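See structure below.
Numbering (our numbering), first residue to last: 3 to 126.
Here you go:
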């Protein structure tokens, strides 16, 4: 069987590698989580949406930046609006799921890496 650096007991032999991989995944996951959110609408849809909801307050105008909301407020064809909103929601869910997956996977790697370093220093 070939010797893979990330397989089996090699992970226990190199806890620093686990820490580096775990930290990198955590950083990327947190970055994606903080910078994620609903996809932005294009400028034309934003302008149309703002014109339509202008009398409903600043909170509604601010929501016109979101693609799904702007599409819903400016839709003339129900089928096209539903498809556009669905696509916007799917991309938001996918990005959020990826960020949470990376964060969730990074935490066990960091814990195992720290435990491995502690055991190595104790000489176990």
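C-beta atoms are modelled at their ideal positions from N, C-alpha and C, and glycine is treated no differently. All values reported here derive from a predicted model rather than from experimental measurement.
Looking only at its chain, what residues have a beta carbon closer than 6 Å to the beta carbon of residue i, apart from the 5 residues adjacent to it on each side?
i	result
residue 71	65
residue 2	Past the edges of the chain, shown from 3 to 126, lies residue 2, and the structure says nothing about it.
Report yes if the CB atom of residue i is closer than 8 Å to the CB atom of residue j, and no otherwise.
i	j	result
residue 61	residue 43	no
residue 83	residue 90	no
residue 108	residue 38	no
residue 104	residue 31	yes
residue 96	residue 34	no
Taking the straight line between their C-alpha atoms, what separation do you get for residue i and residue j?
i	j	result
residue 21	residue 113	8 Å
residue 131	residue 18	Coverage of the chain is limited to positions 3 through 126, which leaves residue 131 absent and any answer about it impossible.
residue 106	residue 125	30 Å
residue 80	residue 47	16 Å
residue 45	residue 116	48 Å
residue 27	residue 110	11 Å
residue 85	residue 36	26 Å
Note down, in chain order, each residue of its chain lying with its Cβ closer than 8 Å to the Cβ of residue i, except the 5 sequence neighbours on either side.
i	result
residue 3	Because residue 3 sits at a pLDDT of 45, beneath the cut-off of 50, its placement in the model cannot be relied upon, and the following sentence gives the value as read from the coordinates. Hits under 8 Å: none found.
residue 74	83 and 87
residue 56	63
Less than 7 Å between C-beta atoms, sequence neighbours within five positions excluded: which residues of the same chain meet that for residue i?
i	result
residue 123	none
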